[in-house]
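S.K.: Numbering (our numbering), first residue to last: 372 to 621. The C-beta atom is built at its ideal place from N, Cα and C for all residues, glycine as well. Handing you this structure, nothing more for now.
Structure (structure tokens):
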């Protein structure tokens, strides 16, 4: 797989050692080599942060994550699909004032990096909502002629068509003062999960906004069947109801 992972969950705890001035520390040998590597990694991290915020908050066309193992490791945490916390440790000692200011400048700059975690959370919420709907699915049994009835909170809803375990769900919405029979010739061509219910549309002038009643019945039917998304096929006034449903339940 890829590293860092593109999907799933990972926790990274990274202790960023402070940049070290070798002239001041007097480091030699192995310690000098380590200090140089630390400074190189922090410089690469600084370039990544700068690339993410340099154009008034909009990222540059190329972000140099691959310049250093540190920035490669932190790729998902800096400008990626992650929640990131940065803790800056500083000292008030007068002889370390330059290092303290440098750390605070970096932390301030890094705070302007915007991760893209919202989209991932939205997908997770949508997935959880879909799972909850499917978990409540009730069984639908149709007779040999493809007819049956679904007991909804608003009352029994006669349906006709076919209902298999998998496939694209198609719900047909008939015209005003008609029934699902309007789709009898079309249903065999709509797949193995196509239903044409007899929606309860009160009599009277159909132009008085009665489509909200049909919208409610469609929602009840989908919830009963454990269906998150479907194709709506409407004829005449049924098409108006289909459009009204899509406006309410995007």
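What residues are listed by DSSP as bridge partners for residue 519?
M.R.: Answer by DSSP bridge pairing, in chain order: 530.
S.K.: Considering only the alpha carbon of each residue, which of 557, 548, 542 and 546 lies closest to residue 564?
M.R.: Residue 542 is the option with its Cα nearest to residue 564.
S.K.: How many Å lie between residue 456 and residue 440 at the Cα?
M.R.: For residue 456 and residue 440, the distance between alpha carbons rounds to 20 Å.
S.K.: Expressed to the nearest angstrom, what Euclidean distance is found between the alpha-carbon atoms of residue 598 and residue 531?
M.R.: Between residue 598 and residue 531, the C-alpha separation is close to 17 Å.
S.K.: Roughly how many whole angstroms lie between the Cα atoms of residue 606 and residue 572?
M.R.: Approximately 14 Å between the Cα atoms of the pair.
S.K.: Would you give the residue range spanned by the beta strand (DSSP E) that residue 564 belongs to?
M.R.: Counting along the chain, the beta strand (DSSP E) containing residue 564 begins and ends at 564 to 566.
S.K.: Can the beta-carbon of residue 519 be found closer than 8 Å to that of residue 511?
M.R.: A contact, by the Cβ cut-off of 8 Å.
S.K.: Round the Cβ separation of residue 559 and residue 529 to the nearest angstrom and send it over; I've been treating them as touching at under 8 Å.
M.R.: Actually they are not in contact, since the Cβ atoms of residue 559 and residue 529 sit about 19 Å apart, beyond 8 Å.
S.K.: Out of 423, 459, 550 and 547, which has the shortest C-alpha to C-alpha gap to residue 442?
M.R.: The option with the nearest alpha carbon to residue 442 is 423.
S.K.: Buried or exposed: which applies to residue 547, given that a residue is buried once 16 or more other Cβ atoms fall within 10 Å of its Cβ?
M.R.: Label assigned to residue 547: buried.
S.K.: Threshold first: 4 residues or longer. Then list the alpha helix (DSSP H) segments lying entirely within the segment 432 to 468, N to C.
M.R.: Runs found: 440 to 444.
S.K.: Within 10 angstroms of the Cβ of residue 612, are there 16 or more other Cβ atoms? Answer buried if so, exposed if not.
M.R.: Per the 10 Å Cβ criterion, buried.
S.K.: So what does residue 605 bridge to, in DSSP terms?
M.R.: Beta-bridge pairing links residue 605 to 544.
S.K.: Alpha carbon to alpha carbon, how far is residue 417 from residue 658? Give it in angstroms, no decimals.
M.R.: Since the first and last residues shown for the chain are 372 and 621, residue 658 lies out of range.
S.K.: Give the DSSP-derived three-state secondary structure of residue 525 in the structure shown.
M.R.: Three-state DSSP puts residue 525 in coil, outside helix and strand.
S.K.: To the nearest angstrom, report how far apart residue 608 and residue 585 are at their CA atoms.
M.R.: For residue 608 and residue 585, the distance between alpha carbons rounds to 11 Å.
S.K.: When you compare the CB positions of residue 596 and residue 544, do they come within less than 8 Å of one another, or not?
M.R.: In this structure, residue 544 does not lie closer than 8 Å to residue 596 by Cβ.
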